[in-house]
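The structure appears right after this line, and notes come after that.
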Amino acid sequence: MLISIVAPCFNEEDVIGRFHEAVQKIAEELLPLGHDMEFVYVDDGSSDRTLTELERLAELDARVRYLSFSRNFGKEAALLAGLRHASGDSVIVMDADLQHPPELIHRMVELHAQGYDQVIAKRTRTGDRLTRTVTARLYYRLINRLVDIELIDGVGDFRLLSRRVVNAVLDLTEYNRFSKGLFAWVGFPSTTFEYENAVRAQGHSSWNFRSLLNYGLDGLLSFNNRPLRAALYLGMGLLLCTGLYTAWIVGAALINGVQTPGYVTIITAVTAAAAMQMIMMGIIGEYTGRIYYEVKGRPHFLIKATNVERSHDRPSCGGHAAKDLIP
Ligand code: UDP
Ligand code: MG
């Protein structure tokens, strides 16, 4: 059994060495049990010396494969690249900042042996800022009402995937990737276990409020068309109200004659309607924007340096895959 570790790295020069040592140790422990390991590190256009570090690691350890992007394409793209170039019978996806404790790999491998295709590590929120915990909780409550798949708070990308899950995920070629949702969408027998959240070993989290908000919206919009449907219902409801209101004022004018025009009501109605329209146009625009991105069919990432040969690109990946060129 070959297990691939896939880790996206963005400005992780301080920690990637330590990360590799930690997973190497796990690899040694797993060797007697008949498991080999390979490490697929994806440098997501870091501006620090992450690539140099990866090259060094690859020189010291033949099991290290690295890919380096031509610029920062985002974690989702890095994950995709990693999955595409992993050749293991199972793949473990984890962050390079040691927030995903490597010791848990043992547990994952055990549970995988019991027949689960996805073994998902769910983190507690210890050490997180209160604001983030609260917004996350609210967000998951809201999103699960709206999307077709179930998303769980604390469940991230730290998980083991069997080969058939990896292949299924790779066959989803959409440009806007929300991996958490894609993994859930794919399905297959899955199990979840909890672990205590670790604080980042070094460096900074690359998430700020704005990027989290955008990530949240991605999750909401990339999984269904329910917001579009809601827009339709809202529009119909509004139309009905307007009809009733018009009947009422026309009736009143017929009975009492025309009185002073209602400045307040008009202004209220106009602004409310305008606001509604703005929202609806925004929602439609979101979907159109997504279609625009999909239609362009641009590659998810471009690679500037690697020690991996092309042979691991899966030709069956369709549209985008064929264009993700390696020099
Ligand atoms: N990451 C990446 N590209 C990015 C941002 C982050 O590859 O544009 C990687 C990062 O190196 C880390 C993982 O994604 O391995 C998670 O990022 P981070 O620790 O910043 O997020 P958090 O743990 O706060 O969710
Ligand atoms: Mg982190």
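Here the working numbering is used: the first residue of the sequence shown is 8, the next is one more, and so on.
Ideal Cβ positions, reconstructed from N, Cα and C, are used throughout, including at glycine.
This structure is a prediction, so every number in the text was calculated from the model and none was measured.
Query	Result
Asp104 Cβ short of 7 Å to the ligand COA heavy atom set	The ligand COA is not part of the structure shown, which contains the ligand UDP and the ligand MG as its ligands.
At least 3 beta-carbon pairs within less than 8 Å: the segment 165 to 172 vs the segment 85 to 105	yes
CB contact flag (Ile12, Met44, <8 Å)	yes
Residue range of the unbroken alpha helix (DSSP H) whose run includes Thr57	57 to 67
Candidates Asn183, Glu60, Ser54, of which the one nearest Glu301 by Cα	Asn183
Cα-Cα separation, Glu19 to Ala65	16 Å
Local Cβ density within 10 Å of Phe308, reported as buried at 16 or more and exposed below that	buried
For Val126 and Leu40, the rounded distance between their alpha carbons	19 Å
Any non-hydrogen atom of the ligand MG closer than 7 Å to Ser212 Cβ	yes
Contacting residues, own chain, Cβ-Cβ under 6 Å from Trp192 (five flanking each side not counted)	Ile156
Distance cut-off 7 Å: Gly41 Cβ against heavy atoms of the ligand UDP	no
Cα-Cα separation, Tyr73 to Ile150	35 Å
Three-state secondary structure (DSSP) of Leu163	Position check: residue 163 holds Gly in this sequence, whereas Leu was assumed. Here Gly163 sits in strand by DSSP.
C-beta contact flag for Lys311 and Ser77 at 8 Å	yes
Under 8 Å between C-beta atoms of Leu227 and Val162	no
Distance CB(Leu9)-CB(Ser94) smaller than 8 Å	yes
Distance cut-off 7 Å: Phe4 Cβ against heavy atoms of the ligand UDP	Absent from the model: residue 4. The displayed extent of the chain is 8 to 334, so no value can be given.
C-beta neighbour in chain B for Ala120, strict 8 Å	Among the protein chains of the structure shown there is no chain B, as only one such chain exists.
Cβ-Cβ distance between Thr133 and Glu62 below 8 Å	no
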